[in-house]
Amino acid sequence: MSSALGSRPPGMTELRAHNVSISLDGYAAGPAQDLAQPLGIGGEQLHEWWKDLPPPTARTLAAGP
Numbered sequence: 021m022s023s024a025l026g027s028r029p030p031g032m033t034e035l036r037a038h039n040v041s042i043s044l045d046g047y048a049a050g051p052a053q054d055l056a057q058p059l060g061i062g063g064e065q066l067h068e069w070w071k072d073l074p075p076p077t078a079r080t081l082a083a084g085p
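Residue 21 is where the sequence shown starts when you use this note's numbering, and the numbers rise one by one after that.
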């Protein structure tokens, strides 16, 4: 069986993740990640940066007609 990334060993499953946020230093979760804390300890802070961004339509609105 092959995927977009090439062939994988027998028994290995394929996982697709959508809307994943990764920090500039490569972290997607904090330490001690588990089912109770899916982002780990302090993981929410890794993803706070996006809240300060203007909405996607802001560039269009600022440019005018």
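Ideal Cβ positions, reconstructed from N, Cα and C, are used throughout, including at glycine. All values reported here derive from a predicted model rather than from experimental measurement.
For residue 63, the enclosing alpha helix (DSSP H) starts and ends at 63-66.
Sequence-distant partners of residue 49 (beyond 5 residues in either direction) whose C-beta falls short of 6 Å from its own C-beta, in its chain, are 59, 60 and 63.
With a cutoff of 8 Å on beta-carbon distance, residue 47 and residue 66 are scored as near each other. Closest in C-alpha terms to residue 71, from the list 52, 41, 45 and 56, comes 41.
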